[in-house]
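Residue numbers (the working numbering), protein chains in the order written: chain A, 1 to 200; chain B, 201 to 400.
One structure is given here, and the rest of the page talks about it.
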């Protein structure tokens, strides 16, 4: 068995290096879209909440999810929850929500590959010998979806994106434009957050 | 004059639609890399802090920055500041930092294009007639860097990414793995944040 959900070359180019986690995220994204019966998001209608945080490895998964789903950080469709888990909830307002997570047994089996010996020594992915990298990528392609992913329907998941506005004002101190939601007031004048001295 | 910093086709595919802001971000990213003399980031060594927030338009810029720089959200190299401004600070630990922002005059001139009549009516980018979209993209390609971008050296900019660890534990309630930084304790047992009932 080899998965059909292998990332296109451009997804690796976007990501910057070859590693197993970008493809795992890509596959998770494709399976979640299939589950919810949604197409790749062209505009602003599909949301993903990856549970990764900072200061831990394997976050590369999230670039694969962006590549597969089109629910990108730039389109304000993706936000990490900072739970430190290799999981994500996928939400479409009209199609519902589903959570995918990596099964511990899969993570344990994958953790035995030489790739992680290098990573734990602090060697960056682009500097690991290519055969070592390709070995673990190929192995993941050969695993079944069922061995890799736990899938949970989330019928009660609620999310409403904030209402958008094109309104903006010029900061009275730096002269730069600020979108209205972020305009603050100081000495009676409109200012941006950095000029205001306020934290947010 | 036409800029050399036009995004490759895959950057549009990644982004999901054609619009002027993804290319503007791509160009901003390429110019910032040139300014700092850094190559596209393969691994985890170049950081970008876009000043956009939520509930406002033109955030698409950030997907262009990801595509240009390789400082992706998935590699934990990018974090929005939520200032509601079309600007970003680019930081390389050994090369320094620079802030690029869109000049108000440029934003005013661009705002006159028909593309924004559609956007303000709520028409999604993929649904706007292609000639209307291409008109404004082409116009941005023809503008000079100087007309578009304000550039500020940031010699005092400080940022230190958190120290990473591969350590993880199984949540005693759901059985899923959690990276150590996010393990919490409840009734004396290790738990993940969602099972803990704590907010973070």
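By construction, the Cβ of each residue, glycine as well, lies at the ideal position given by its N, Cα and C atoms.
query, result
"Those residues which DSSP pairs with residue 291 of chain B across a bridge", "B:247 and B:297"
"Helix, strand or coil at residue 271 of chain B according to DSSP, with G and I counted as helix", "coil"
"Per-residue burial, residue 241 of chain B [other beta carbons within 10 Å of its own, 16 or more giving buried]", "buried"
"Contacting residues, own chain, Cβ-Cβ under 8 Å from residue 167 of chain A (five flanking each side not counted)", "179 and 180"
"Residue 385 of chain B classed as buried or exposed, judged by whether at least 16 other C-beta atoms fall within 10 angstroms", "exposed"
"Unbroken alpha helix (DSSP H) run spanning residue 132 of chain A, endpoints", "130 to 142"
"Stretch pair the stretch 134 to 153 of chain A + the stretch 170 to 177 of chain A: three plus CB contacts closer than 8 Å", "no"
"Nearest candidate by alpha-carbon position, reference residue 75 of chain A, set B:230, B:214 and B:293", "B:214"
"Three-state secondary structure (DSSP) of residue 117 of chain A", "helix"
"Beta-carbon contacts of residue 313 of chain B that lie in its chain and below 6 Å, excluding the five residues immediately before and after", "336"
"Contact list for residue 34 of chain A against chain B, beta-carbon separation under 7 Å", "Residues of chain B passing the Cβ test: none, with the nearest at roughly 18 Å."
"Helix, strand or coil at residue 377 of chain B [DSSP, three-state]", "strand"
"Length of the line joining the Cα atoms of residue 170 of chain A and residue 57 of chain A", "41 Å"
"Between the CA atoms of residue 97 of chain A and residue 156 of chain A - distance to the nearest angstrom", "8 Å"
"Whole-number beta carbon distance between residue 226 of chain B and residue 207 of chain B, since they are thought to touch under 8 Å", "4 Å"
"Under 8 Å between C-beta atoms of residue 278 of chain B and residue 221 of chain B", "no"
"CB contact check: residue 94 of chain A to chain B, cutoff 8 Å", "no"
"Contact set between residue 266 of chain B and chain A, taken where Cβ atoms lie within less than 9 Å", "14, 63, 66, 72, 73 and 74"
"Check whether residue 163 of chain A and residue 255 of chain B have beta carbons under 8 Å apart", "yes"
"Element boundaries [alpha helix (DSSP H), containing residue 176 of chain B]", "Since the first residue shown for chain B is 201 and the last is 400, residue 176 of chain B is missing from the structure and cannot be characterised."
"Member of A:82, A:68, A:50 and A:49 whose CA lies at the smallest distance from the CA of residue 39 of chain A", "A:68"
"Cβ distance (whole Å) where residue 306 of chain B is taken to contact residue 231 of chain B below 8 Å", "So it is not a contact: roughly 14 Å between Cβ atoms."
"Per DSSP, the bridge partner or partners of residue 184 of chain A", "A:191"
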